[in-house]
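Residue numbers (the working numbering), protein chains in the order written: chain C, 26 to 283; chain X, 57 to 287.
Written below as structure tokens is the structure these notes are about.
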Amino acid sequence: MANTGAKTRDNKASRDIKIHVSHLKKSYGHNEVLKDISVDVYEGEVVVVLGPSGGGKSTFLRCLNGLEEINGGEVIVDGHQIDARKKEINKIRENIGMVFQHFNLFNNYNVLRNLTLAPIEVRKIEKSKAEEKAREMLSKVGLLEKVNAYPSQLSGGQKQRVAIARSLCMEPDIMLFDEPTSALDPEMIGEVLAVMKQLAQEGMTMVVVSHEIGFAKEVADRVLFMEGGYVLEEGTPEEVIMHPKEARTIDFFNKVLI
Amino acid sequence: MIDIISEYGGLLIAALGQTLLLALLGLFFACIIGVIFGIMSVVKNKVLNVIARIFVDVIRGIPMIVLAFFIFFGVPMFCNTILHLPDKVTLSGLQAGVICLALNCGAYMAEIIRAGVQAVDIGQMEAARSLGMSYSKAMAKVIMPQAIKIMIPSIINQFIITLKDTSILSVIGFPELVNTAKNIIAINFQSFQVWAIVAVMYLIVILILSRLSKILERRLSYGEHRRKDER
Numbered sequence: 026m027a028n029t030g031a032k033t034r035d036n037k038a039s040r041d042i043k044i045h046v047s048h049l050k051k052s053y054g055h056n057e058v059l060k061d062i063s064v065d066v067y068e069g070e071v072v073v074v075l076g077p078s079g080g081g082k083s084t085f086l087r088c089l090n091g092l093e094e095i096n097g098g099e100v101i102v103d104g105h106q107i108d109a110r111k112k113e114i115n116k117i118r119e120n121i122g123m124v125f126q127h128f129n130l131f132n133n134y135n136v137l138r139n140l141t142l143a144p145i146e147v148r149k150i151e152k153s154k155a156e157e158k159a160r161e162m163l164s165k166v167g168l169l170e171k172v173n174a175y176p177s178q179l180s181g182g183q184k185q186r187v188a189i190a191r192s193l194c195m196e197p198d199i200m201l202f203d204e205p206t207s208a209l210d211p212e213m214i215g216e217v218l219a220v221m222k223q224l225a226q227e228g229m230t231m232v233v234v235s236h237e238i239g240f241a242k243e244v245a246d247r248v249l250f251m252e253g254g255y256v257l258e259e260g261t262p263e264e265v266i267m268h269p270k271e272a273r274t275i276d277f278f279n280k281v282l283i
Numbered sequence: 057m058i059d060i061i062s063e064y065g066g067l068l069i070a071a072l073g074q075t076l077l078l079a080l081l082g083l084f085f086a087c088i089i090g091v092i093f094g095i096m097s098v099v100k101n102k103v104l105n106v107i108a109r110i111f112v113d114v115i116r117g118i119p120m121i122v123l124a125f126f127i128f129f130g131v132p133m134f135c136n137t138i139l140h141l142p143d144k145v146t147l148s149g150l151q152a153g154v155i156c157l158a159l160n161c162g163a164y165m166a167e168i169i170r171a172g173v174q175a176v177d178i179g180q181m182e183a184a185r186s187l188g189m190s191y192s193k194a195m196a197k198v199i200m201p202q203a204i205k206i207m208i209p210s211i212i213n214q215f216i217i218t219l220k221d222t223s224i225l226s227v228i229g230f231p232e233l234v235n236t237a238k239n240i241i242a243i244n245f246q247s248f249q250v251w252a253i254v255a256v257m258y259l260i261v262i263l264i265l266s267r268l269s270k271i272l273e274r275r276l277s278y279g280e281h282r283r284k285d286e287r
């Protein structure tokens with residue numbers, strides 16, 4: 026495990042930077058949620074963001090595709106500056122898939138239409154092509170038989186897998202996961218993590234906000250520990266989870282790993 | 057009873073026709089007003105939000121009978137004696153009635169639309185936007201279809217209220233059902249029978265509307281009812 030992490034880090038120099046975040050600040054009114062975040066994510070890298078609730082993890086992730094307006098610093102994805110107020114954000118978002126804690130499948134459409142809506146409406150892909158792609162992605166997440174089901178007929182784990190397939194239908198370069206398993210029953214977490222693991226193996230650039238320490242240990246190339254609006258510690262899973270240096274990080278992992 | 061129906065039946069049916077005409081025209085314009093102000097209250101623009109808010113608050117704060125008198129008597133008087141417009145302004149009972157219903161019902165419709173849109177989970181918009189959809193596309197394809205489903209029962213309810221509110225417009229002399237009934241009673245003094253007939257006429261029309269709304273609601277529900285069919 027330590028080896029794979031180290032290897033990725035060595036290769037960094039030769040890889041493209043996919044996401045560049047520098048001195049990112051974000052506040053809600055007087056509440057400063059992100060104080061000074063600087064992170065680079067490299068192509069094909071899997072970065073897992075860990076940390077206590079309220080530490081700014083989700084807000085950080087939402088800044089990466091402009092779902093939150095930022096108050097300072099900059100976020101650059103694939104060479105494009107992210108600005109939630111500008112029209113170009115729509116174009117940039119086409120290449121950044123996002124998976125939400127509460128799935129957010131479109132309740133008014135069946136699974137197939139959930140998957141084809143954006144490709145048809147945004148990418149202007151032919152309906153038959155979009156449906157072909159949708160079926161391909163559904164079989165990838167193992168839910169081809171649910172193609173005509175409505176979201177209300179699916180279990181949580183199935184919804185999340187459909188949500189991942191929906192994002193993949195846009196053929197994104199980057200996938201963001203915002204606590205993808207936090208709203209799931211324990212027995213459904215595995216099926217979602219398996220899909221994510223497969224994506225990681227295929228070389229997808231991923232930023233995952235999660236409480237799944239096991240997933241981070243196994244899949245992450247790099248772990249960020251975030252609290253109080255700062256990245257307190259970052260490194261390979263081995264370094265951050267097993268041998269944390271900061272007192273706060275040691276305390277956190279002592280509590281969650283028991 | 058029979059003799060009243062045979063004697064005044066035609067008159068009452070015609071009056072019901074006038075009531076329905078008034079209601080339909082009023083509702084038609086109310087829908088336009090409601091959609092305009094409803095959208096103004098949900099878009100991300102403070103000025104439009106405030107304008108919509110003021111419109112709704114003002115109209116909701118005025119009893120419809122006052123609004124009716126104001127539009128039928130007040131507005132023409134204002135135009136003629138204060139503005140001194142070259143042409144004398146008069147409003148027919150139908151015109152004033154339709155304006156009155158459209159404003160009143162429109163304000164409530166705007167509220168129904170605002171509430172309906174805001175009742176759709178914010179995550180739906182975020183998911184649509186994260187897939188690269190523009191705000192308006194997300195609204196049209198994802199939010200509105202769900203919001204309309206939420207709104208349908210309230211809209212039908214508002215239609216029913218507006219249909220009944222046409223009776224208030226008897227005060228400005230429009231020959232709708234209540235006004236006609238009053239005229240008939242002035243001739244035959246049979247309050248009990250005539251009002252009973254009128255009540256039943258309203259009831260029948262509104263029951264039909266309620267049935268329609270139930271059918272519409274069932275048609276518009278997705279997923280939920282299909283689960284049973286699948287087995």
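Where a beta carbon is used, it is the ideal one built from N, C-alpha and C, also for glycine.
For this session: Could you please give me the residues that DSSP links to H105/C through a beta bridge?
Result: Here residue 105/C refers to the residue found at position 80 of the first sequence. The partner list for H105/C (beta bridge, DSSP) reads V102/C.
Problem set entry | Residue range of the alpha helix (DSSP H) that includes V122/X | For the purposes of this step, residue 122/X is taken as residue 66 along the second sequence, with counting starting at 1. From DSSP, the alpha helix (DSSP H) with V122/X extends over M120 to F125.
Exercise. Under a CB-based cut-off of 8 Å, is H23/C close to chain X?
Worked result: Because residue 23/C is not part of the residues shown, which for chain C are 26 to 283, the question remains open.
Exercise. Of all the CB atoms in chain C, is at least one closer than 8 Å to the CB of K102/X?
Worked result: As a first step, residue 102/X must be located in the second sequence, where it is residue number 46. No, K102/X does not count as interfacial toward chain C.
Exercise. Helix, strand or coil: how does DSSP classify V50/C here?
Worked result: Position 25 of the first sequence, counting from 1, holds the residue named residue 50/C. The sequence shown places Lys at residue 50/C, not Val. K50/C: strand per DSSP, three-state reduction.
For this session: Pull out every residue of the stretch 183 to 200 of chain X whose Cβ sits closer than 8 Å to any Cβ of chain C, in chain order.
Result: Here the close residues are A183, A184, R185, S186, L187, G188, M189, S190, K193, K197 and V198.
Exercise. Quick one: what does DSSP say S207/C is sitting in, helix, strand or coil?
Worked result: For the purposes of this step, residue 207/C is identified with residue 182 of the first sequence, where counting begins at 1. Note: S207/C maps to coil in three-state DSSP.
Exercise. Quick one: what does DSSP say M123/C is sitting in, helix, strand or coil?
Worked result: On the first sequence, residue 123/C is found 98 positions in, with the first residue counted as 1. M123/C falls in the strand class under three-state DSSP.
Exercise. For the alpha helix (DSSP H) that V91/X lies in, which residues bound it at each end?
Worked result: For the purposes of this step, residue 91/X is taken as residue 35 along the second sequence, with counting starting at 1. I58 to V98 is the extent of the alpha helix (DSSP H) around V91/X.
Exercise. With burial defined as no fewer than 16 other Cβ atoms inside 10 Å of the residue's Cβ, what is the status of K51/C: buried or exposed?
Worked result: If you number the first sequence from 1, residue 51/C lands on position 26. Result: buried.
Exercise. Taking DSSP as the reference, what is the three-state secondary structure of T146/X?
Worked result: Working through the second sequence from its first residue, we reach residue 146/X at position 90. Coil at T146/X, not helix or strand.
Exercise. Are the stretch 91 to 99 of chain X and the stretch 169 to 177 of chain X touching by the rule of at least three beta carbon pairs closer than 8 Å?
Worked result: yes
Exercise. R138/C by DSSP, collapsed to three states: which one?
Worked result: As a position in the first sequence, residue 138/C is number 113, starting the count at 1. It is helical.
For this session: Counting only the same chain and skipping the five closest in sequence on each side, list residues whose C-beta sits under 8 Å from that of I121/C.
Result: Stepping through the first sequence from its first residue, residue 121/C is reached at position 96. The answer, listed in chain order, is L89, N90, V102, P197, D198, I199, M200 and L201.
Exercise. Cα separation between A188/C and S235/C?
Worked result: Taking the first residue of the first sequence as position 1, residue 188/C is located at position 163. Taking the first residue of the first sequence as position 1, residue 235/C is located at position 210. Cα to Cα, A188/C sits roughly 16 Å from S235/C.
Exercise. Which residues, in chain order, does the stretch 151 to 185 of chain X contribute to contact with chain C at a C-beta distance below 8 Å?
Worked result: Within the stretch 151 to 185 of chain X, the residues whose Cβ lies closer than 8 Å to some Cβ of chain C are D177, G179, Q180, E182, A183, A184 and R185, listed in chain order.
Exercise. Name the chain X residues that come within less than 7 Å of N143/C, Cβ to Cβ?
Worked result: Position 118 of the first sequence, counting from 1, holds the residue named residue 143/C. Asn is not the amino acid found at residue 143/C; the sequence shown has Ala there. Within chain X, the residues near A143/C are L187, G188 and M189.
Exercise. Do we get a CB-CB distance below 8 Å when we pair Q249/X with the residues of chain B?
Worked result: Protein chains in the displayed structure are C and X, and chain B is not among them.
Problem set entry | Three-state secondary structure (DSSP) of E151/C | Here residue 151/C refers to the residue found at position 126 when the first sequence is read from its first residue. The answer is coil: DSSP assigns E151/C none of H, G, I, E or B.
Exercise. Hey, is the stretch 246 to 260 of chain C in contact with the stretch 69 to 83 of chain C, meaning 3+ C-beta pairs nearer than 8 Å?
Worked result: yes
Problem set entry | Nearest residue (CA-CA) to P72/C, options L86/C, N173/C and L168/C | As a first step, residue 72/C is located in the first sequence; it is residue number 47 there, counting from the start. The question names Pro, but residue 72/C in the sequence shown is Val. Nearest option by C-alpha distance: L86/C.
Exercise. By the 10 Å Cβ neighbour count, where 16 or more other Cβ atoms means buried, how is A219/C classified, buried or exposed?
Worked result: As a first step, residue 219/C is located in the first sequence; it is residue number 194 there, counting from the start. A219/C should be labelled exposed.
Problem set entry | For Y67/C, the residue or residues it bridges with in DSSP | For the purposes of this step, residue 67/C is taken as residue 42 along the first sequence, with counting starting at 1. The partner list for Y67/C (beta bridge, DSSP) reads I42/C.
Exercise. Looking at C-beta atoms only, is the number of pairs between the stretch 172 to 189 of chain X and the stretch 100 to 112 of chain X that lie closer than 8 Å three or more?
Worked result: Contact between the stretch 172 to 189 of chain X and the stretch 100 to 112 of chain X is absent, because fewer than three Cβ pairs lie under 8 Å.
Exercise. What residues of chain C sit near Q202/X, judged by a beta carbon separation below 9 Å?
Worked result: As a working note, residue 202/X is residue 146 in the second sequence. By Cβ distance, chain C contributes F131, N132 and N133.
For this session: May I ask you to report which of helix, strand or coil DSSP gives M133/X?
Result: Here residue 133/X is taken as the residue at index 77 of the second sequence, counted from 1. In the structure shown, M133/X sits in a helix (DSSP, three-state: H, G or I).
For this session: Keeping to the same chain, check which residues put their C-beta closer than 6 Å to that of R247/C; ignore five residues upstream and five downstream.
Result: Position 222 of the first sequence holds residue 247/C. Around R247/C: V72.
Problem set entry | Expected contact under 8 Å - CB spacing of V136/C and A109/C to nearest Å | Locating residue 136/C in the first sequence gives position 111, where the first residue counts as 1. Locating residue 109/C in the first sequence gives position 84, where the first residue counts as 1. That belief does not hold up - the Cβ atoms of V136/C and A109/C are roughly 29 Å apart, past 8 Å.
Exercise. In the stretch 204 to 234 of chain X, which residue ranges form an unbroken beta strand (DSSP E) of at least 3 residues, counting only runs that do not cross its ends?
Worked result: none
Problem set entry | Residue environment, K133/X, which counts as buried when at least 16 other CB atoms sit within 10 Å | In the second sequence, counting from the first residue as 1, residue 133/X sits at position 77. A small correction: the amino acid at residue 133/X is Met; Lys does not occupy that position in the sequence shown. With fewer than 16 Cβ atoms within 10 Å of its Cβ, M133/X is classed as exposed.
For this session: Please specify which runs of the alpha helix (DSSP H), each continuous and at least 4 residues long, are wholly inside the stretch 163 to 232 of chain C, giving them in chain order.
Result: Within the stretch 163 to 232 of chain C, the complete alpha helix (DSSP H) segments of 4 residues or longer fall at 181 to 193 and 211 to 226, listed in chain order.
Problem set entry | Contacts that K284/C makes with chain X (C-beta to C-beta distance below 8 Å) | Not covered by the structure: residue 284/C. The range shown for chain C is 26 to 283.
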